[in-house]
Amino acid sequence: MPSRRTFLAAASALAAARASWAQGNVYPDHPIKLVVPNLPGGPSDIVGRMLADGMRASLGQPIVIDNRPGAAGLIGTAAVTSAPADGYTVLVTSRSNHVIAPLVQKSTKVEPGRDLAPVGLALRAVGMLAAPAKAPYKTLKQLVAYAKANPSKVFYGSAGIGAANHISMEQFRQLAGIEMTHVPFRGSGGLITGLMGGEVGLALLDFSSAQPGLQSGAIVPLVQTASKRLASLPNVPTLIESDFRKFDPSFWIGLAVPKGTPGSVIAALNRALNAALADTQLRARAQVNGWELVGGAPKALADTVAQDLAEYPEIVRRLDIKAS
């Protein structure tokens, strides 16, 4: 059995090793992997790539995007929660994978609220309810009237069962008092393609993902979810103007790392995130897309997640949404 002297010597050696690491190693000293738990083309992917571009300059190391889609974001999330807590694996996280998916996919062992540490809240965003150009409705009022006259004949798409836009569309369906049929796609990219091609007649989209369809004329916005009309969509009414004040499908995107990541590493990532958010090109893009850039300390993300975790279990229970 080891003696007390041996134990103390080992403890001293470990402490010395940690001190040596802190003094002799500058984070980061090799490339960082930024995991996007979705397919390319969706809001998390678009924002993640822009943040990576801005953070490279501050951190002085390459940031490699790693798309890990599946299970409403839980596959990518699990890849981060199981990674070493050293700051070299970072997650682009959102309400969809961080809060909603674990509530819907009850068999999952991933608990982002328990297994992840916040780096920072990048942005809050709004979007639009959009339809194919050939749809028989061009306004929200026309959509509701059509859906009431044709129960379950309006097919709405989402980025997957348990995705944030799935939950939001079910909330809208209940508030409007209509019946619609859900068609889940494998990510936002497939959803946009399906909407543009008329496979579904309605979807909740973020502005950045919707741009190709808007510019080509393949989709039309029925209503925007901003509190006031954006300059980029001056002729599209808001939910408030359309008497849907109780419907708020806004979303957020942030960065997180495995629980146990050193505070100094989180601080370095947080500084890089805030520097990226201060970039003039990103700020211009944010204005066009209806993004509210947030930044600040990691607590902003921690508080947002805590609020969602207090609200969404009841929302998911009430809507009775389960993974198939």
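If you count by mature numbering (1 follows the signal peptide of the UniProt record, and there is no 0), then the sequence shown holds residues -22 to -1, 1 to 302, one letter each, in order. The beta carbon of each residue, even a glycine, is placed where N, CA and C say it ideally should be. It should be emphasised that the depicted structure is a prediction, and the values quoted were computed from it without experimental measurement.
(1) What residue ranges within the region 238 to 298 form continuous beta strand (DSSP E) runs of no fewer than 3 residues, ordered along the chain?
(2) For E148, count neighbouring Cβ atoms within 10 angstroms of its own Cβ and tell me buried if that reaches 16, exposed if not.
(3) For a quick check, are the C-beta atoms of L12 and V42 less than 8 Å apart?
(4) According to the neighbour-count rule (16 or more other Cβ atoms, all chains shown, within 10 Å of its Cβ), is L107 buried or exposed?
(5) On the CB-based measure, 16 or more other CB atoms within 10 Å of its CB, does N252 come out buried or exposed?
(6) From which residue to which residue does the alpha helix (DSSP H) around I156 run?
(7) For G165, collect the residues of the same chain with a Cβ closer than 8 Å to its Cβ; drop the 5 residues on either side in sequence, then sort them by chain order.
(8) Is there contact here, the region 180 to 187 with the region 20 to 38, by at least three beta-carbon pairs under 8 Å?
(9) Is it the case that the Cβ atoms of P80 and V88 are separated by a distance below 8 Å?
(10) Please report the residue range of the beta strand (DSSP E) in which L37 lies.
(11) Taking DSSP as the reference, what is the three-state secondary structure of P90?
(12) Between the region 202 to 212 and the region 150 to 160, are three or more C-beta pairs nearer than 8 Å?
(13) Run through the region 177 to 226 for me and flag every whole alpha helix (DSSP H) of 4 or more residues, listed as ranges in chain order.
(14) Run the CB neighbour count on S130, radius 10 Å, all protein chains shown included, and call it buried at 16 or more, exposed below.
(15) By Cβ distance, which residues of its chain are closer than 6 Å to Y66, with the 5 residues on each side in sequence left out?
(16) With distance defined between alpha-carbon atoms, name the residue in V4, I24, H8 nearest to A264.
(17) Straight-line CA distance for P240 to N45?
(18) With H, G and I counted as helix, E and B as strand and the rest as coil, what does DSSP make of Y66?
(19) In its own chain, which residues sit with a C-beta less than 7 Å from the C-beta of R261, not counting the 5 before and 5 after it?
(20) Is the CB-CB distance between L255 and G273 below 8 Å?
(21) Could you say which of P276, I218, L217 lies nearest to A245 if we only look at CA atoms?
(22) From the DSSP output, in three-state form, read off N128 for me.
(23) Please classify N75 as buried or exposed, where buried requires at least 16 other C-beta atoms within 10 Å of its C-beta.
(24) Opposite I43 in the DSSP bridges: which residues?
(25) Quick check: what's the CA-CA separation for I145 versus A250?
(26) To the nearest whole angstrom, what separates the beta carbons of V198 and K116, a pair I think is in contact under 8 Å?
(27) Whole angstroms is fine: what's the gap from P227's alpha carbon to G238's?
(28) Output the distance between the C-alpha atoms of I53 and T59, rounded to the nearest integer angstrom.
(29) Can you tell which of S220, E177, V201, Q83 has the C-alpha that lies nearest to the C-alpha of D298?
(30) So V68 and V214 are in contact, right, with Cβ under 8 Å, and what is the actual spacing, rounded?
(31) On a CA-only basis, which of K112, L153, A61 is nearest S178? Give me that one, please.
Judging by the given coordinates:
(1) For the region 238 to 298, the continuous beta strand (DSSP E) assignments of 3+ residues that do not extend past its boundaries occur at 269 to 271, in sequence order.
(2) Answer is buried; the Cβ neighbour count reaches 16.
(3) Cβ distance < 8 Å, so L12 and V42 count as in contact.
(4) L107 is buried by the Cβ-count criterion.
(5) Its Cβ being crowded by 16 or more others within 10 Å, N252 is buried.
(6) Element bounds for I156: n/a, residue is neither H nor E.
(7) Cβ within range, chain order: N16, L17, G19, G20, P47, A137, G138.
(8) Contact between the region 180 to 187 and the region 20 to 38 is present: three or more C-beta pairs spanning the two stretches fall below 8 Å.
(9) Result yes, Cβ atoms of P80 and V88 sit closer than 8 Å.
(10) DSSP places L37 outside any beta strand (DSSP E); the residue lies instead in the alpha helix (DSSP H), whose first and last residues are 21 to 37.
(11) DSSP places P90 within a helical segment (H, G or I) once states are collapsed to three.
(12) In the pairwise beta carbon analysis, the region 202 to 212 is classified as not touching the region 150 to 160: fewer than three pairs are separated by under 8 Å.
(13) Under the rule that a run must span 4 or more residues, the alpha helix (DSSP H) segments found entirely inside the region 177 to 226 read 185 to 194.
(14) The residue is exposed, with fewer than 16 neighbouring Cβ atoms inside 10 Å.
(15) Around Y66, the same chain offers I10 as residues with beta carbons nearer than 6 Å, after the five sequence neighbours per side are excluded.
(16) Closest by alpha carbon: I24.
(17) So the two alpha carbons sit approximately 25 Å from each other.
(18) Coil, per DSSP.
(19) Around R261: L271.
(20) Taking 8 Å as the Cβ cut-off, L255 and G273 qualify as a contacting pair.
(21) Comparing Cα positions, the closest option is P276.
(22) In the structure shown, N128 adopts coil according to DSSP, grouped into three states.
(23) By the neighbour-count definition (other C-beta atoms within 10 Å, threshold 16), N75 is a buried residue.
(24) DSSP lists L12 as partners of I43.
(25) Between the C-alpha atoms of I145 and A250 there is a straight-line separation of about 32 Å.
(26) With a Cβ gap of about 6 Å, V198 and K116 count as contacting.
(27) So the two alpha carbons sit approximately 32 Å from each other.
(28) About 10 Å.
(29) D298 has its Cα closest to that of Q83, out of S220, E177, V201, Q83.
(30) The Cβ separation is near 35 Å, so there is no contact.
(31) A small fix is needed here, since residue 178 is Val in this sequence, not Ser. When only C-alpha atoms are compared, the closest one is K112.
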